[in-house]
Amino acid sequence: MGVLSTFLGFIGFGIGSLVGLLVGFYLFIYSEPEEVKDPIIRPLHELDSSTLQGLLPEIPMWVKFSDYERVDWLNKFLVDMWPYLHKAICSTIRSMAKPIFAEYIGKYHIEDIEFDKLSLGNLPPIIYGLKVYETNENELVMEPAFRWAGNPNIVLVLKLLSLRITVQLVDLQVFVAPRVTLKPLVPTFPCFASIVVSLLEKPHVDFGIKVLGGDIMAIPGLYWFVQETIKKQVAGLYLWPQTLEIPVLDASTVAKKPVGILHVKVIRALKLLKMDILGSSDPYVKLTLTEDRLPAKQTSIKMNKLNPEWNEKFKLLVKDPQTQALELQLYDWDKVGRHDKLGMQLVPLKVLTPGVTKEFVLDLVKNTNINDPQNKKHRGQIVVELAFVPFKSESSKLNGSSNGFGKSESGRSSESDESLSGAGVLSVLIQGAEDVEGEHHNNPFALLCFRGEEKKTKIIKKSRNPLWNEDFQFMLDEPPLNDKILIEVKSKSRALIRAKESLGYVEINLADVVHNGRINHKYHLIDSQNGRIHVELSWTKA
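Residues 8 to 549 (this note's numbering) are what the sequence shown spells out, left to right.
So this is what it looks like as structure tokens:
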């Protein structure tokens, strides 16, 4: 009886399947499609609340939020450029995927992996709005609302155990809200050195996968599992504060900041050339670092000496110890006329071990051309001691000194003054000023005063919003916990009367800079109606 019922069940299933296929085919061929009616277009103010709530996810960001801008021009650009962009993108995908596929060939019995078809379709992505942030940092921050409901045709062929398996990606939809930061801004086209991308929320990615023509996403539970896995993986890599940095320009185009201090002790020179009529010389030494525009350091002048001893110490800021070199130039001082050159020598900083003092006895040459026969002439020697001391990591301070949008928070940390003690470098970057106006002329420059030392920026003629972007460094033996720095904006003209006038000033307490590590702020100028000055200060411990 059991065998008979099983047999009859198989027969019923076969007959039912056949009848179902025939009925479905008949309805598909001979049924009349319903007439598609034109959609009814109505203004938003005529819709009821329930209809509006259903439309809200589709309303552009610039409609829902006033701080988002319309970018129809950019969408028009994407539409016109998409036939070319999508080919370039596909070519990039192929080149990037090729080495990845090569890693799996030979594993798990995989013989070959390749793209049979790779097309992103004819539907470009759409930007539903764009928000741009103004920050105090040297960067541009944008947040586009990005959606793409594309019709790609991506077919991947996998050869496994002599079997040809095709995997097709269909019905791709991507909704993502990234934060795009262009930084730092530099005076070299395209005017930014890198692109930093992060996601503000988990992306929405929807797609179908067909294996050998069958939609595997129809398997119960698999669709939800794949969606959640993709969201978690992408969020773990790029969800803020995680970022993806894409370099655009070479690092050499970006202004480098000091990374350490070179301690130089000029000890003595031996057997120098006789340059004076009386058979002697009046030597002194100039010290500079290559790739640096700062004024040269100089020793004292030793009168009538061919074997002078200085024992003088200097500190130089190092920006790149791998490429920079210490340049030593010896001159014979003359009361009248040009000083005669006794010789020179270079010491590459990469030969130094950080934190280790090393003595060098250097033979002087005329120039750096090794083929110059003049360099074979004996010009004497110079003895120096060198030590490169890198700065200590300030990452813990920098993480707490800015909120990511350039708004610094002034506040004392829990560190004791003892942990802050020691030598370091105070950097003052005067970026620019806003709304500075003089009574008689507007040719502003900034004058910086610190511990009796004055430094000033260049003069910007006829401007109420000057941009200087000039950096000044002070090497200190102790942190300036009890010091203030005075920055005054002045205007200068060639007039005989009232040639200079003050446009405002500000005093900054440096204790906050030492405790925070870095402050980037726009300060209101005292004695100015609306003037502000943008200053970035940092303390780096050696």
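Glycine included, each C-beta is placed from N, C-alpha and C at the ideal position.
My guess is that residue 265 and residue 432 are in contact by the Cβ rule of under 8 Å, so how many angstroms apart are they, rounded? With a Cβ gap of about 6 Å, residue 265 and residue 432 count as contacting.
With distances taken from CA atoms, which of 293, 337, 344 is nearest residue 321? Nearest option by C-alpha distance: 293.
Quick one: using the 10 Å Cβ neighbour count with 16 as the cut-off for buried, is residue 131 buried or exposed? Residue burial annotation: residue 131 is buried, with at least 16 other C-beta atoms found within 10 angstroms of its C-beta.
Helix or strand or just coil, what does DSSP make of residue 109? In the structure shown, residue 109 adopts helical secondary structure according to DSSP, grouped into three states.
For residue 101, which option in 302, 162, 468, 144 has the closest C-alpha, if you only look at C-alpha atoms? The shortest Cα separation from residue 101 among 302, 162, 468, 144 belongs to 162.
Can you give me the start and stop residues for the beta strand (DSSP E) that residue 150 sits inside? From DSSP, the beta strand (DSSP E) with residue 150 extends over 147-156.
Using beta-carbon positions only, say whether residue 494 and residue 540 come within less than 9 Å of one another. Yes, the Cβ-Cβ distance between residue 494 and residue 540 is below 9 Å.
N-terminal and C-terminal residue of the alpha helix (DSSP H) that residue 519 is part of: Residue 519: member of the alpha helix (DSSP H) spanning 517-523, first to last residue.
Neighbourhood of residue 117 by C-beta, 6 Å cutoff - its chain only, sequence neighbours within 5 removed: Here the set comprises 111, 167.
Just to confirm, is the Cβ distance from residue 332 to residue 362 under 9 Å? Not in contact: residue 332 and residue 362 (Cβ atoms no closer than 9 Å).
3-residue-minimum beta strand (DSSP E) runs that sit fully inside the segment 182-213, ordered along the chain: Entirely contained in the segment 182-213, the beta strand (DSSP E) runs reaching 3 residues are, in chain order, 185-192, 199-206.
With residue 237 as the anchor, note down where its beta strand (DSSP E) starts and where it stops. Boundaries for residue 237: no beta strand (DSSP E) harbours it, while the alpha helix (DSSP H) harbouring it runs 229-245, taken from the DSSP string.
Residue 75 burial status per 10 Å Cβ neighbour count (16 or more: buried): Residue 75 comes out buried.
Residues of its chain near residue 310, where Cβ-Cβ distance is below 7 Å and the 5 sequence neighbours each way are ignored: Close CB contacts of residue 310 within its chain, under the 7 Å cut and outside five residues either way in sequence, are with 289 (chain order).
Output needed for residue 181: all residues of its chain with C-beta closer than 6 Å, excluding positions within five of it in sequence on either side, in chain order. If the five residues before and after residue 181 are omitted, its C-beta is found closer than 6 Å to the C-beta atoms of 155, 212, all from its own chain and listed in chain order.
Is DSSP giving residue 82 helix, strand or coil here? If DSSP states are grouped into helix, strand and coil, residue 82 belongs with the helices.
Touching or not, the segment 454-463 and the segment 475-491, by the rule of three or more beta carbon pairs under 8 Å? Pairwise C-beta distances place the segment 454-463 in contact with the segment 475-491, as three or more of them are shorter than 8 Å.
With H, G and I counted as helix, E and B as strand and the rest as coil, what does DSSP make of residue 171? In the displayed model, residue 171 falls within a strand according to three-state DSSP.
Can you find the residues in the same chain that come closer than 6 Å, C-beta to C-beta, to residue 316, ignoring five residues on each side of it along the sequence? Within the same chain, residue 316 has close Cβ partners 275.
Going residue by residue through the segment 338-414, where are the continuous alpha helix (DSSP H) segments of at least 4 residues, counting only ones entirely within it? Listed in chain order, the alpha helix (DSSP H) elements of length 4 or more contained wholly in the segment 338-414 are 402-408.
With a CB to CB cut of under 7 Å and the five nearest residues on each side skipped, what residues in its chain are close to residue 215? Counting only Cβ-Cβ distances below 7 Å, and skipping sequence neighbours, we find 177, 178, 222, 224.
Per the contact definition of three or more C-beta pairs closer than 8 Å, is the segment 226-239 in contact with the segment 277-285? No, the segment 277-285 is not in contact with the segment 226-239.
Check whether the Cβ atoms of residue 472 and residue 439 sit closer than 9 Å, and answer yes or no. Yes, the Cβ-Cβ distance between residue 472 and residue 439 is below 9 Å.
So residue 193 and residue 245 are supposed to be a Cβ contact under 8 Å. How far apart are they, rounded? Incorrect: roughly 25 Å between the Cβ atoms, too far for contact.
State the beta-bridge partners of residue 433 as determined by DSSP. DSSP, once it has assigned bridges, lists 481, 546 as partnering residue 433.
With the cut-off set at 9 Å, would you say residue 524 and residue 498 are in Cβ contact? Going by C-beta atoms, residue 524 is not nearer than 9 Å to residue 498.
Is the CB-CB distance between residue 466 and residue 450 below 9 Å? Between residue 466 and residue 450, the C-beta gap is smaller than 9 Å, which places the two residues in contact.
Helix, strand or coil at residue 506 according to DSSP, with G and I counted as helix: Correct three-state label for residue 506: coil.
Going by the beta-carbon positions, is the gap between residue 141 and residue 527 smaller than 9 Å? Taking 9 Å as the Cβ cut-off, residue 141 and residue 527 do not qualify as a contacting pair.
Please report the distance separating the alpha-carbon of residue 188 from that of residue 198. Spanning the two alpha carbons is a distance of roughly 13 Å.
Contact criterion: CB-CB distance below 9 Å. Does residue 357 meet it with respect to chain B? Considering every chain present, this structure includes no chain B. It has just one protein chain.
By the DSSP assignment, the beta strand (DSSP E) with residue 123 in it spans what residues? First-last of the beta strand (DSSP E) with residue 123: 117-126.
Hey, residue 280 and residue 387: beta-carbon distance below 9 Å or not? In contact: residue 280 and residue 387 (Cβ atoms closer than 9 Å).
Below 8 Å, how does it come out for the segment 347-366 and the segment 246-260: are there three or more Cβ pairs, yes or no? Flag = no, the segment 347-366 and the segment 246-260 do not touch.
Close Cβ partners of residue 273 (< 6 Å) along its chain, the five nearest in sequence each way excluded: Closer than 6 Å at the Cβ level, and outside the excluded window around residue 273, lie 292, 306, 317, 319, 391.
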